[in-house]
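Sequential numbering from 1 applies to the sequence shown in full-length UniProt numbering.
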Amino acid sequence: MSGDPEVAGGRPPDPRPAFLPPVPPAETGAVPRPPSAAGGRTASAWGLAGLLTASVLLVSAFLPWAVAGVRVRGLDPAQDLVAEAGVNVDGTGQVVPVFALVAIVMIVWGLLAADPRIFALASVPALLALLSSGIFLLRLDRFRQVIGVGRAAPAVLEVSAGYGWYLAVAASLLLIGLSVARPAVRR
């Protein structure tokens, strides 16, 4: 070894980051083919779907996550008193927009680099957003138990998850599915 930067086999070392797999050597004399137009449209469709889903996740944190209402025993419909957005209710709802923005950055980075593996990294913030939504629901259930009115009372205070929470969970699951399926479809 005379300080030569070549690797075994007579190739120079790969300048790409270590976490990416090495690029297979090109055949000698082979002319590289430009990517087909269909491949570019497919990548942009996946990217557009991912960006749309991450944007829905971002907006869902500002929609009602907790709805409190009073239900009078013997009457079915509950009167909703308060509906609060996820960013106003709990700290777990406040981190969801941050995770959504990180996912958007990952998706845009993957599109600009034309590398579906970077697009797949958007599943990490989506999974964290799903986890924080689950923690929010557990805290909401504990809050329900703490403020529970006695069983003999004619009126009961009910606290439930709002449609914003359901939208956040659905967007997180869809974003996880899109970002994991994209590299698998490419193969």
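Don't be surprised by glycine CBs; every beta carbon is placed ideally from N, CA and C.
Nearest to LEU167 by C-alpha distance, out of TRP46, ALA54, ASP115, GLU158, is ALA54. Its chain contains PRO64, VAL67, GLY162 as the residues whose beta carbon lies nearer than 6 Å to that of ALA83, once the 5 sequence neighbours on both sides are disregarded; these appear in chain order. In the structure shown, the three-state DSSP call for GLY177 is helix.
At least 7 Å separates the beta-carbon of LEU57 from that of ALA113.
Exposure of GLY134 is indicated by the presence of fewer than 16 other C-beta atoms within 10 angstroms of its C-beta. When the five nearest sequence neighbours on each side are left out, the beta carbons in the same chain lying within less than 6 Å of the beta carbon of PRO97 are those of LEU58, ALA61, in order along the chain. Secondary structure note for VAL95: it is in no alpha helix (DSSP H), with a DSSP letter that is neither H nor E. When only Cα atoms are considered, ALA103 and LEU174 end up about 12 Å apart.
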